[in-house]
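Q: Following UniProt numbering, the numbering of the sequence shown begins with 1 at its first residue and continues without gaps.
Where a beta carbon is used, it is the ideal one built from N, C-alpha and C, also for glycine.
Just so we're clear, the structure is a prediction, and the values are computed from it rather than from any experiment.
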Amino acid sequence: MWLKQPLLDVDEINCRLDLVQAFVEDAALRQDLRQHLKRISDIERLTHNLERKRASLLHVVKLYQSGIRIPYIKSVLERYDGQFAPLIRERYIDSLEKWSDDNHLNKFIALVETAVDLDQLENGEYMISSAYDSNLSALKDEQETLEQQIHNLHKQTGNDLDLPIDKSLKLDKGTQFGHVFRITKKEEPKVRRQLNSHYIVLETRKDGVKFTNTKLKKLGDRYQKILDEYKSCQKELVARVVQTVASFSEVFEGLAGSLSELDVLLSFADLASSCPTAYSRPNISPPDTGDIILEGCRHPCVEAQDWVNFIPNDCRLVRGESWFQIITGPNMGGKSTYIRQVGVNVLMAQVGSFVPCDNATISIRDCIFARVGAGDCQLKGVSTFMQEMLETASILKGATNRSLIIIDELGRGTSTYDGFGLAWAICEHIVEEIKAPTLFATHFHELTALANENGNNGHKQIAGVANFHVSAHIDSSSRKLTMLYKVQPGACDQSFGIHVAEFANFPQSVVALAREKASELEDFSPNAMMPTDSKEAVSKRKREFDPHDVSRGTARARQFLQDFTQLPLDKMDLKQALQQLSQMKTDLEKNAVDSQWLQQFFSSSD
């Protein structure tokens, strides 16, 4: 429930963090509490069974066994004398004292000790004590008297037949015949005459002969009748006791709330203390102030794997500077892990846990929206791309400036142009309208031009966008790719997808052809159809352009092509189509005034 509904109140978050800090700093306190808590049953579930009238005496006993541990837990908490002692008293000791006084828990414990036969628990039997009810006590006494009479008859029969009891002459009790005597087939010939004259033979089998007499049958029938009455009385008394115990539900719910919270916070402290790299306490600020600064941030699940030597990264989501971050870089370079770990750290902080960071400052978020992974839903007829769009639509509709948005590889399920157009529009909408801190991992490198948009180039003012990339190293001689898993400022201009294919042991012929085709398509320009000399000239000019100008111009050119593909040419005559195309070209030329990279296309077409 805590993970589904993180806290939004700074004071309450810090209260939990204070308690976790107390348990982290005092290992003996943490260990003693853990030893007692592990003997506590699921009080909440047991109480639920009581309220639903589905409880048995077993549930009552488990509540009792949990209840008698409460004084020990309270005693351990009272021994703590650190800086957070007043908070621990207010949060737990006072609550435990309230629910464990003579009018609450102690009254329940006294009831169980009076009503339940606790001595029989070692035998796995849960029953009402015979001393609890006079009728039950009378039935129990009569039952024991009959057992003694049957035992005496067993001894007498052994003497009459000259057979040692429990060795040759056994006393059995079954559902078919009740109490009977049994001797082995080997002993049967010795007493056959006496059996036929003084006893009733009931059954002869390989394992022996079963027989009885009038006295045993009469005693057995009487015993069975008393036993049935005893069980009936037990059942009535159990129902009465369980009903009485149900009246203590408020007590159990109060205890369950305190103990379960204590258990979770102890788990947070165990986690923070037991990891190879210790967790740190985050600094929490209100949602409308402060930034999200994570230094040496790690992913708690990934670093917990034995074979992983996790490389930490910093994340600085700063208002007006890097509030919206575009993350580019190689496949398998760590982009997805990086953006996920930021979300996990924010979530952990807001439930009151220490975080896997060297230092952390977190502005509270009202919701964490994540569009990660890829997968369809065949049962609902939803494709992978449609699933992406549905999840993104939910983000655009529900996110506020107090949310945290994490988007991984949006738009890869459709064509390049459509995917890029959607990604650009979504990014711009988040930056300008929602204004929430966002981590956007992508392979659309043209999106990095968002960080260069300003109010002086004819475009809308876009502030707070920053480019980051995960770094990799390519050996100049062997062309071997090494992932460095470090997030650094700036954009990355390639995805190294072919190198990843080499990691997957693709055939060399396939890799070589992939490099050839990628090289042909790499430059977004008409030079693929140019002679070799022209290609070299264009390539030389392109290297002279500012990278930001190239990214911005590329984005505008893609938008031009997208707009052109959406023209209803089949419904236009030639004149209308030419007029529309001329207008689009004029608009593009206006954009090219501030873009040398775009101007090259108009100069080449002239």
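Using the Cα positions of Ser-595 and Thr-554, report the straight-line distance between them to the nearest angstrom.
A: Looking at the two C-alpha atoms, the distance is approximately 10 Å.
Q: With a threshold of 16 other CB atoms inside 10 Å of the CB of Lys-225, please say whether the residue is buried or exposed.
A: So Lys-225 counts as exposed.
Q: Going by beta carbon distance, what residues of the same chain come within less than 6 Å of Trp-99, once the five residues before and after it are set aside?
A: Same-chain partners within the cutoff: Leu-105, Val-251, Gly-254, Leu-255.
Q: My output table needs one value for Val-487: the three-state DSSP class, helix, strand or coil.
A: It is a strand residue.
Q: What does a CB cutoff of less than 6 Å around Gly-421 pick up in its chain, not counting 5 residues either side in sequence?
A: Cβ within range, chain order: Gln-562.
Q: Can you tell me whether DSSP reads Ser-534 as helix, strand or coil?
A: Summary for Ser-534: the model assigns pLDDT 41, below 50, so the residue's position carries little reliability; its value from the coordinates is reported in the next sentence. The answer is helix: DSSP assigns Ser-534 an H, G or I state.
Q: If you follow the alpha helix (DSSP H) that Ile-226 is part of, which residue opens it and which one closes it?
A: Looking at the DSSP string, the run of the alpha helix (DSSP H) that includes Ile-226 is 214-246.
Q: With a cut-off of 8 Å on the beta carbons, I'd call Val-351 and Cys-315 a contact; round off their distance for me.
A: Not a contact, Cβ separation roughly 19 Å.
Q: State the beta-bridge partners of Gln-325 as determined by DSSP.
A: Answer by DSSP bridge pairing, in chain order: Leu-439, Ala-466.
Q: When you compare the CB positions of Val-24 and Ala-269, do they come within less than 8 Å of one another, or not?
A: The answer is yes: Cβ separation under 8 Å.
Q: When the Cα atoms are used, what is the spatial distance from Ser-168 to Lys-206?
A: Using only the alpha carbons, I get a separation of about 15 Å.
Q: Use the C-beta contact count for Cys-492: other C-beta atoms within 10 angstroms, 16 or more gives buried, fewer gives exposed.
A: Answer is buried; the Cβ neighbour count reaches 16.
Q: Out of curiosity, what's the CA-to-CA distance linking Phe-84 and Leu-19?
A: Cα-Cα distance, rounded: 7 Å.
Q: Roughly how many angstroms separate the alpha carbons of Ser-95 and His-48, rounded to a whole number?
A: Looking at the two C-alpha atoms, the distance is approximately 21 Å.
Q: Give me the Cβ distance between Pro-282 and Ile-362, rounded to the nearest whole Å; I'm assuming they're in contact under 8 Å.
A: At roughly 5 Å, the Cβ-Cβ gap stays under 8 Å, so Pro-282 and Ile-362 are in contact.
Q: Let me confirm a value: Ala-272 is counted as buried when at least 16 other C-beta atoms fall within 10 Å, else exposed. Which label applies?
A: By the 10 Å Cβ count, Ala-272 comes out buried.
Q: What residue does the alpha helix (DSSP H) around Ala-85 start on, and which one ends it?
A: Run containing Ala-85: 85-88, per the alpha helix (DSSP H) assignment.
Q: Alpha carbon to alpha carbon, how far is His-179 from Gln-120? Give it in angstroms, no decimals.
A: Near 24 Å, if we compare the C-alpha coordinates of His-179 and Gln-120.
Q: Rounding to the nearest angstrom, what Cα-Cα distance links residue 607 and Leu-262 in this structure?
A: Nothing can be reported for residue 607, as the shown portion of the chain is limited to 1 through 606.
Q: Let me know if Asp-408 comes out buried or exposed under the rule of 16 or more other beta-carbons within 10 Å of its beta-carbon.
A: Buried, because 16 or more other Cβ atoms sit within 10 Å of the Cβ of Asp-408.
Q: Have a look at the DSSP bridge pairing and note the partners of Lys-104.
A: Sequence check: residue 104 is His here, not Lys. Bridge partners of His-104: none, in fact.
Q: Do you know whose CA, among Pro-71, Glu-90, Lys-140, lies nearest Val-109's CA?
A: The question names Val, but residue 109 in the sequence shown is Ile. Answer by Cα proximity: Pro-71.
Q: Roughly how many whole angstroms lie between the Cα atoms of Lys-542 and Val-593?
A: A caution first: Lys-542 carries a pLDDT of 43, below 50, which makes its placement in the model unreliable, though a value can still be read off. Those two C-alpha atoms are separated by around 17 Å.
Q: Using a Cβ distance threshold of 8 Å, determine whether the segment 58-67 contacts the segment 37-47, with at least three qualifying pairs required.
A: Enough Cβ pairs lie closer than 8 Å, so yes.
Q: Consult DSSP for Ile-43 and reduce its assignment to one of helix, strand or coil.
A: Correct three-state label for Ile-43: helix.
Q: Relative to the C-alpha of Leu-404, which candidate in Arg-515, Leu-347, Pro-356 has its C-alpha closest?
A: Checking every option, the nearest Cα to that of Leu-404 belongs to Leu-347.
Q: For Gln-243 and Ile-128, which I take to be in contact (beta-carbon distance under 8 Å), what is that distance rounded to the nearest angstrom?
A: In fact, because the Cβ distance is near 13 Å, the residues do not count as touching under 8 Å.
Q: Could you pull the start and end residues of the alpha helix (DSSP H) that Phe-369 belongs to?
A: No alpha helix (DSSP H) contains Phe-369, which is instead part of the beta strand (DSSP E) from 368-371.
Q: Output the distance between the C-alpha atoms of Glu-188 and His-154, rounded to the nearest integer angstrom.
A: Looking at the two C-alpha atoms, the distance is approximately 17 Å.
Q: Evaluate Cys-301 with the Cβ neighbour count: other Cβ atoms within 10 Å of its Cβ, from every protein chain shown; 16 or more gives buried, anything less gives exposed.
A: When all chains shown are included, Cys-301 counts as exposed.
Q: Alpha carbons only, please: which of Gln-31, Ser-232, Ile-88 is nearest the one belonging to residue 618?
A: The displayed coordinates of the chain run from 1 to 606. Any statement about residue 618 would go beyond what the structure contains.
Q: With a threshold of 8 Å, are at least 3 pairs of Cβ atoms found where one atom belongs to the segment 315-333 and the other to the segment 436-447?
A: Because the criterion of three Cβ pairs below 8 Å is met, the segment 315-333 and the segment 436-447 touch.
Q: Go to Thr-337, then tell me how far its alpha helix (DSSP H) extends in each direction, as first and last residue.
A: Where Thr-337 is concerned, the enclosing alpha helix (DSSP H) stretches over 335-350.
Q: Give the straight-line distance between the Cα atoms of Gly-257 and Thr-114, rounded to the nearest whole angstrom.
A: So the alpha carbons of these two residues sit roughly 27 Å apart.
Q: With H, G and I counted as helix, E and B as strand and the rest as coil, what does DSSP make of Asn-505?
A: Looking at Asn-505 - three-state DSSP - the assignment turns out to be coil, as it is neither helix nor strand.
Q: For the alpha helix (DSSP H) containing Ala-577, name the first residue and the last one.
A: Run containing Ala-577: 574-592, per the alpha helix (DSSP H) assignment.
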